[in-house]
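Engineer:
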Amino acid sequence: MREGLLPATVATVLELSTSGENARALTELLGEVFDPTETAISSFEVEEGVTTLSLNAPWKVEIYFASHPDEEAVRDLLRPIVGEVVDATPFTTVNQQDWVATSLDGLKPVRAGRVLVHGAHDRGTVRSNDIAIEIEAALAFGTGHHGTTSGCLLALDAELKKRRPRHGLDVGTGTGILALALAKQTKRKVVAGDIDAVAVEVSAHNARLNHAPGALDLYVAPGLRHAKADRPGHFDLIFANILAGPVRRLAPALARALAADGTLILSGLLAMDVAGVVSAYRHQGLALASRSLREGWATLVMKKGGAAPRPRRPA
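Heads up: the sequence shown begins at 2 in my numbering, then just goes up one per residue.
1) Assign H122 to buried or exposed, taking buried as 16 or more other Cβ atoms, counted over all protein chains shown, within 10 Å of its Cβ.
2) Could you give the first and the last residue of the continuous beta strand (DSSP E) run that contains L15?
3) May I have the straight-line CA-CA distance separating L267 from A228, to the nearest angstrom?
4) Across the segment 188–205 and the segment 248–266, are there enough close Cβ pairs to call them in contact, namely three or more that are closer than 8 Å?
5) Rounded to whole angstroms, what's the CA-CA distance from A193 to A252? Just pull it up for me.
6) So V201 packs on V221, CB below 8 Å; how close in whole Å?
7) Is DSSP giving K91 helix, strand or coil here?
8) May I ask you to report which of helix, strand or coil DSSP gives P59?
9) Please list the terminal residues of the continuous beta strand (DSSP E) segment that includes H119.
10) So, with DSSP's three-state summary, where would you put T176?
11) Would you tell me roughly how many angstroms separate the C-alpha atoms of L15 and F92, rounded to the nearest one?
12) In three-state DSSP terms, what is D195?
13) Tell me which residues share the same chain as I243 and place their Cβ nearer than 6 Å to its Cβ, disregarding the 5 neighbours each side in the sequence.
14) The alpha helix (DSSP H) with L225 in it runs from where to where?
15) Taking Cβ to Cβ, would you say V62 is nearer than 7 Å to L30?
16) With H, G and I counted as helix, E and B as strand and the rest as coil, what does DSSP make of K305?
17) Count the other C-beta atoms from every protein chain shown that fall within 10 angstroms of the C-beta of R25, then say buried if there are 16 or more, exposed otherwise.
18) Going by alpha carbons, who is nearest to L207 out of G177, A74, D36?
19) Near A198, which residues of its chain fall below 6 Å by C-beta distance, leaving aside the five closest residues on each side in sequence?
20) Which residue wins for smallest C-alpha separation from A180, given the options V87, E296, D218?
21) Measure from the alpha carbon of A213 to the alpha carbon of each residue in I132, R250, V279, then state which is nearest.
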(Lines of atoms letter the chains of each structure in order from A and count residues from 1; the text may use other names and numbers.)
(Lines give C-alpha, C1' and ligand atoms only; values in the text may rest on other atoms or scores of the structure.)
Protein backbone atom coordinates (compact mmCIF):
# COMPACT_ATOMS: atom_id res chain seq x y z
CA MET A 1 0.00 0.00 0.00
CA ARG A 2 1.41 3.31 -1.05
CA GLU A 3 0.28 6.87 -0.83
CA GLY A 4 -1.46 7.99 -4.03
CA LEU A 5 -1.78 4.65 -5.81
CA LEU A 6 -4.64 2.18 -6.19
CA PRO A 7 -4.59 -0.99 -8.26
CA ALA A 8 -5.07 0.11 -11.88
CA THR A 9 -8.32 -1.87 -12.03
CA VAL A 10 -10.49 -2.09 -8.94
CA ALA A 11 -12.94 -5.00 -8.84
CA THR A 12 -14.01 -5.07 -5.19
CA VAL A 13 -14.18 -2.63 -2.29
CA LEU A 14 -14.75 -3.36 1.41
CA GLU A 15 -15.72 -0.38 3.59
CA LEU A 16 -15.60 -0.54 7.39
CA SER A 17 -16.36 1.94 10.15
CA THR A 18 -14.17 1.51 13.21
CA SER A 19 -12.01 3.34 15.75
CA GLY A 20 -8.74 5.14 15.08
CA GLU A 21 -6.82 2.44 16.92
CA ASN A 22 -8.36 -0.28 14.77
CA ALA A 23 -7.78 1.75 11.61
CA ARG A 24 -4.09 1.95 12.44
CA ALA A 25 -3.90 -1.79 13.12
CA LEU A 26 -5.69 -2.60 9.84
CA THR A 27 -3.43 -0.30 7.84
CA GLU A 28 -0.31 -1.90 9.29
CA LEU A 29 -1.62 -5.47 8.87
CA LEU A 30 -2.92 -5.20 5.33
CA GLY A 31 0.12 -3.26 4.18
CA GLU A 32 2.24 -6.22 5.25
CA VAL A 33 -0.01 -9.12 4.17
CA PHE A 34 -1.28 -8.16 0.71
CA ASP A 35 0.52 -7.56 -2.57
CA PRO A 36 0.63 -3.75 -2.94
CA THR A 37 -0.03 -4.01 -6.69
CA GLU A 38 -3.27 -5.92 -6.04
CA THR A 39 -4.63 -4.36 -2.86
CA ALA A 40 -4.64 -0.93 -1.25
CA ILE A 41 -6.12 0.50 1.95
CA SER A 42 -7.26 4.01 2.78
CA SER A 43 -8.22 5.08 6.31
CA PHE A 44 -9.36 8.48 7.54
CA GLU A 45 -11.36 10.21 10.23
CA VAL A 46 -15.04 10.60 9.39
CA GLU A 47 -15.42 13.95 11.13
CA GLU A 48 -13.63 16.71 9.25
CA GLY A 49 -11.68 19.37 11.05
CA VAL A 50 -10.46 17.13 13.87
CA THR A 51 -6.98 18.20 14.92
CA THR A 52 -6.24 15.61 17.60
CA LEU A 53 -6.73 11.89 17.28
CA SER A 54 -8.98 10.00 19.67
CA LEU A 55 -8.53 6.24 19.68
CA ASN A 56 -12.31 5.86 19.84
CA ALA A 57 -13.16 8.46 17.19
CA PRO A 58 -15.11 7.23 14.14
CA TRP A 59 -12.84 6.26 11.26
CA LYS A 60 -13.61 4.87 7.83
CA VAL A 61 -11.43 2.17 6.29
CA GLU A 62 -11.65 1.39 2.57
CA ILE A 63 -9.92 -1.72 1.22
CA TYR A 64 -9.55 -1.98 -2.56
CA PHE A 65 -8.94 -5.29 -4.39
CA ALA A 66 -7.86 -5.58 -8.04
CA SER A 67 -9.68 -8.95 -8.25
CA HIS A 68 -12.42 -10.45 -6.15
CA PRO A 69 -10.82 -11.86 -2.96
CA ASP A 70 -11.66 -14.92 -0.88
CA GLU A 71 -14.22 -13.14 1.29
CA GLU A 72 -14.11 -15.64 4.15
CA ALA A 73 -10.33 -15.52 4.31
CA VAL A 74 -10.38 -11.71 4.45
CA ARG A 75 -13.06 -11.74 7.16
CA ASP A 76 -11.02 -14.23 9.19
CA LEU A 77 -8.01 -11.92 8.88
CA LEU A 78 -9.88 -8.79 9.95
CA ARG A 79 -12.14 -10.23 12.66
CA PRO A 80 -9.51 -10.25 15.46
CA ILE A 81 -9.11 -6.48 14.97
CA VAL A 82 -12.62 -5.17 14.24
CA GLY A 83 -14.74 -7.97 15.67
CA GLU A 84 -17.92 -9.47 14.27
CA VAL A 85 -18.89 -6.26 12.47
CA VAL A 86 -16.87 -7.56 9.52
CA ASP A 87 -19.30 -10.48 9.15
CA ALA A 88 -22.16 -8.10 8.39
CA THR A 89 -20.17 -5.85 6.06
CA PRO A 90 -20.65 -6.62 2.36
CA PHE A 91 -17.97 -6.65 -0.30
CA THR A 92 -18.98 -4.30 -3.11
CA THR A 93 -18.33 -5.22 -6.72
CA VAL A 94 -17.22 -2.28 -8.86
CA ASN A 95 -17.14 -2.24 -12.65
CA GLN A 96 -14.46 -0.16 -14.37
CA GLN A 97 -16.86 2.53 -15.60
CA ASP A 98 -18.26 3.10 -12.11
CA TRP A 99 -14.76 3.10 -10.63
CA VAL A 100 -13.52 5.87 -12.92
CA ALA A 101 -16.60 7.95 -12.09
CA THR A 102 -16.04 7.36 -8.38
CA SER A 103 -12.40 8.36 -8.76
CA LEU A 104 -13.40 11.59 -10.47
CA ASP A 105 -15.74 12.39 -7.58
CA GLY A 106 -13.06 11.62 -4.99
CA LEU A 107 -10.14 13.41 -6.60
CA LYS A 108 -10.74 16.95 -5.41
CA PRO A 109 -7.98 19.51 -5.94
CA VAL A 110 -5.47 19.57 -3.10
CA ARG A 111 -3.77 22.93 -2.54
CA ALA A 112 -0.68 23.29 -0.34
CA GLY A 113 1.30 26.48 -0.63
CA ARG A 114 1.83 27.14 -4.34
CA VAL A 115 1.28 23.49 -5.27
CA LEU A 116 -2.08 22.36 -6.61
CA VAL A 117 -2.65 18.63 -7.15
CA HIS A 118 -5.64 18.09 -9.44
CA GLY A 119 -7.28 15.83 -12.00
CA ALA A 120 -7.85 16.68 -15.66
CA HIS A 121 -11.45 17.60 -14.83
CA ASP A 122 -10.21 20.41 -12.55
CA ARG A 123 -7.73 22.10 -14.88
CA GLY A 124 -9.90 25.20 -14.73
CA THR A 125 -8.99 25.69 -11.06
CA VAL A 126 -5.29 26.21 -11.83
CA ARG A 127 -4.12 29.79 -11.27
CA SER A 128 -1.30 31.49 -13.16
CA ASN A 129 1.19 31.27 -10.27
CA ASP A 130 0.32 27.71 -9.21
CA ILE A 131 2.76 24.82 -9.34
CA ALA A 132 0.18 22.49 -10.88
CA ILE A 133 0.54 18.71 -10.75
CA GLU A 134 -2.06 16.75 -12.68
CA ILE A 135 -2.83 13.17 -11.67
CA GLU A 136 -5.07 10.90 -13.69
CA ALA A 137 -8.25 10.12 -11.76
CA ALA A 138 -8.23 6.39 -12.44
CA LEU A 139 -4.82 6.10 -10.78
CA ALA A 140 -5.43 8.34 -7.78
CA PHE A 141 -5.77 7.00 -4.24
CA GLY A 142 -8.84 7.87 -2.17
CA THR A 143 -9.37 11.17 -0.43
CA GLY A 144 -8.35 9.71 2.93
CA HIS A 145 -4.65 10.14 2.17
CA HIS A 146 -4.79 13.79 1.16
CA GLY A 147 -3.79 14.63 4.74
CA THR A 148 -0.41 12.99 4.22
CA THR A 149 0.13 14.49 0.79
CA SER A 150 -0.84 18.01 1.80
CA GLY A 151 1.14 17.71 5.06
CA CYS A 152 4.31 16.88 3.11
CA LEU A 153 3.64 19.58 0.53
CA LEU A 154 3.17 22.20 3.24
CA ALA A 155 6.38 21.06 4.93
CA LEU A 156 8.12 21.39 1.57
CA ASP A 157 6.66 24.87 1.10
CA ALA A 158 8.07 25.93 4.47
CA GLU A 159 11.47 24.46 3.61
CA LEU A 160 11.64 26.24 0.25
CA LYS A 161 11.09 29.57 1.99
CA LYS A 162 14.39 28.97 3.82
CA ARG A 163 16.56 27.41 1.12
CA ARG A 164 16.60 25.56 -2.21
CA PRO A 165 17.57 21.90 -1.81
CA ARG A 166 20.03 20.62 -4.42
CA HIS A 167 19.65 16.87 -3.99
CA GLY A 168 16.20 15.40 -3.30
CA LEU A 169 15.01 11.85 -2.63
CA ASP A 170 11.46 10.48 -2.44
CA VAL A 171 11.27 7.01 -0.86
CA GLY A 172 8.03 5.16 -1.64
CA THR A 173 7.11 7.64 -4.34
CA GLY A 174 3.73 6.15 -5.35
CA THR A 175 2.36 8.47 -8.03
CA GLY A 176 5.35 10.79 -7.79
CA ILE A 177 3.46 13.81 -6.46
CA LEU A 178 6.03 14.86 -3.87
CA ALA A 179 9.03 14.30 -6.11
CA LEU A 180 7.39 16.29 -8.91
CA ALA A 181 6.49 19.12 -6.54
CA LEU A 182 10.14 19.36 -5.45
CA ALA A 183 11.56 19.03 -8.97
CA LYS A 184 9.23 21.65 -10.42
CA GLN A 185 10.09 24.21 -7.77
CA THR A 186 13.85 23.67 -7.62
CA LYS A 187 14.36 22.90 -11.34
CA ARG A 188 16.52 19.98 -10.30
CA LYS A 189 16.13 16.25 -10.91
CA VAL A 190 14.83 14.29 -7.92
CA VAL A 191 15.64 10.65 -7.18
CA ALA A 192 12.40 8.73 -6.54
CA GLY A 193 11.88 5.05 -5.87
CA ASP A 194 9.27 2.49 -4.94
CA ILE A 195 9.22 -1.21 -4.17
CA ASP A 196 6.50 -1.62 -6.80
CA ALA A 197 7.42 -1.39 -10.50
CA VAL A 198 3.86 -0.33 -11.34
CA ALA A 199 4.19 2.68 -9.06
CA VAL A 200 7.41 3.68 -10.79
CA GLU A 201 5.71 3.37 -14.19
CA VAL A 202 2.89 5.59 -12.92
CA SER A 203 5.40 8.16 -11.64
CA ALA A 204 7.13 8.22 -15.02
CA HIS A 205 3.78 8.64 -16.74
CA ASN A 206 2.83 11.49 -14.42
CA ALA A 207 6.15 13.21 -15.07
CA ARG A 208 5.41 13.11 -18.81
CA LEU A 209 1.82 14.23 -18.22
CA ASN A 210 3.15 17.25 -16.33
CA HIS A 211 5.64 18.18 -19.07
CA ALA A 212 8.59 17.16 -16.92
CA PRO A 213 9.80 13.85 -18.42
CA GLY A 214 13.34 14.33 -17.12
CA ALA A 215 12.40 15.56 -13.65
CA LEU A 216 12.58 12.19 -11.87
CA ASP A 217 15.46 9.75 -11.61
CA LEU A 218 13.42 6.62 -10.87
CA TYR A 219 14.36 3.25 -9.41
CA VAL A 220 12.57 0.06 -8.34
CA ALA A 221 13.77 -1.32 -5.00
CA PRO A 222 12.69 -1.57 -1.36
CA GLY A 223 13.58 1.52 0.65
CA LEU A 224 17.01 2.88 -0.28
CA ARG A 225 18.41 -0.42 -1.57
CA HIS A 226 19.54 0.99 -4.88
CA ALA A 227 22.70 2.78 -5.98
CA LYS A 228 20.71 5.91 -6.84
CA ALA A 229 19.43 6.21 -3.25
CA ASP A 230 22.12 4.56 -1.13
CA ARG A 231 24.47 7.57 -1.11
CA PRO A 232 25.72 8.48 2.40
CA GLY A 233 25.34 12.15 3.31
CA HIS A 234 24.20 13.11 -0.19
CA PHE A 235 20.55 14.22 0.03
CA ASP A 236 19.63 17.55 1.62
CA LEU A 237 15.89 16.85 1.36
CA ILE A 238 14.26 13.42 1.74
CA PHE A 239 10.58 12.45 1.71
CA ALA A 240 9.33 9.17 3.21
CA ASN A 241 5.54 9.21 3.00
CA ILE A 242 4.77 5.59 3.80
CA LEU A 243 3.54 3.71 6.89
CA ALA A 244 4.77 3.87 10.47
CA GLY A 245 6.38 0.42 10.45
CA PRO A 246 8.53 0.96 7.34
CA VAL A 247 9.32 4.53 8.46
CA ARG A 248 10.79 3.19 11.72
CA ARG A 249 12.69 0.39 9.99
CA LEU A 250 14.19 2.83 7.48
CA ALA A 251 15.53 5.17 10.19
CA PRO A 252 19.21 4.05 9.92
CA ALA A 253 19.21 4.12 6.11
CA LEU A 254 17.46 7.50 5.85
CA ALA A 255 19.69 9.07 8.49
CA ARG A 256 22.77 7.78 6.67
CA ALA A 257 21.63 9.21 3.32
CA LEU A 258 20.74 12.61 4.79
CA ALA A 259 23.27 15.44 4.44
CA ALA A 260 24.60 17.09 7.58
CA ASP A 261 22.36 20.11 7.03
CA GLY A 262 19.55 18.08 5.47
CA THR A 263 15.83 17.91 6.13
CA LEU A 264 13.79 14.73 6.40
CA ILE A 265 10.00 14.90 5.90
CA LEU A 266 8.09 11.87 7.20
CA SER A 267 4.39 11.09 6.88
CA GLY A 268 1.87 8.29 6.48
CA LEU A 269 1.71 8.30 10.29
CA LEU A 270 -1.24 8.40 12.65
CA ALA A 271 -0.88 10.68 15.66
CA MET A 272 -0.35 7.70 17.92
CA ASP A 273 2.69 6.69 15.83
CA VAL A 274 4.58 9.93 16.37
CA ALA A 275 6.35 9.15 19.66
CA GLY A 276 7.76 5.85 18.41
CA VAL A 277 8.92 7.31 15.12
CA VAL A 278 10.56 10.33 16.77
CA SER A 279 12.34 8.01 19.20
CA ALA A 280 13.64 5.83 16.35
CA TYR A 281 15.12 8.83 14.56
CA ARG A 282 16.46 10.43 17.73
CA HIS A 283 18.62 7.33 18.15
CA GLN A 284 20.00 8.07 14.67
CA GLY A 285 20.99 11.62 15.62
CA LEU A 286 17.93 13.44 14.26
CA ALA A 287 15.76 15.90 16.15
CA LEU A 288 12.13 16.85 15.59
CA ALA A 289 12.00 20.33 14.04
CA SER A 290 8.21 20.51 13.56
CA ARG A 291 5.08 18.42 13.34
CA SER A 292 1.61 18.94 11.93
CA LEU A 293 -1.65 17.01 11.96
CA ARG A 294 -4.08 17.02 9.04
CA GLU A 295 -7.17 14.80 8.81
CA GLY A 296 -5.70 12.59 11.53
CA TRP A 297 -2.38 12.11 9.70
CA ALA A 298 0.89 13.39 11.16
CA THR A 299 3.76 14.91 9.20
CA LEU A 300 7.16 15.22 10.89
CA VAL A 301 10.11 17.38 9.87
CA MET A 302 13.37 16.01 11.22
CA LYS A 303 16.84 17.59 11.25
CA LYS A 304 20.23 16.25 12.20
CA GLY A 305 21.32 17.26 15.68
CA GLY A 306 19.37 14.99 18.05
CA ALA A 307 20.81 12.36 20.39
CA ALA A 308 23.97 10.58 19.36
CA PRO A 309 23.38 7.52 17.18
CA ARG A 310 23.39 4.19 18.97
CA PRO A 311 26.74 2.44 18.70
CA ARG A 312 26.64 -0.55 16.39
CA ARG A 313 27.03 -3.98 17.93
CA PRO A 314 30.23 -5.80 17.04
CA ALA A 315 29.75 -8.19 14.13
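All C-beta atoms in this analysis are idealised placements derived from N, C-alpha and C, irrespective of residue type, glycine included.
Structural biologist: To lay it out plainly:
1) exposed
2) 13–20
3) 22 Å
4) no
5) 17 Å
6) 5 Å
7) This sequence places Pro at residue 91; Lys is not what is there. It is coil, neither helix nor strand.
8) strand
9) 116–119
10) coil
11) 5 Å
12) strand
13) G173, G269
14) Where L225 is concerned, there is no enclosing alpha helix (DSSP H), given that its DSSP letter is neither H nor E.
15) no
16) strand
17) buried
18) The question names Leu, yet the displayed sequence has Asn at residue 207. Out of G177, A74, D36, G177 has the C-alpha closest to the C-alpha of N207.
19) V221
20) D218
21) I132
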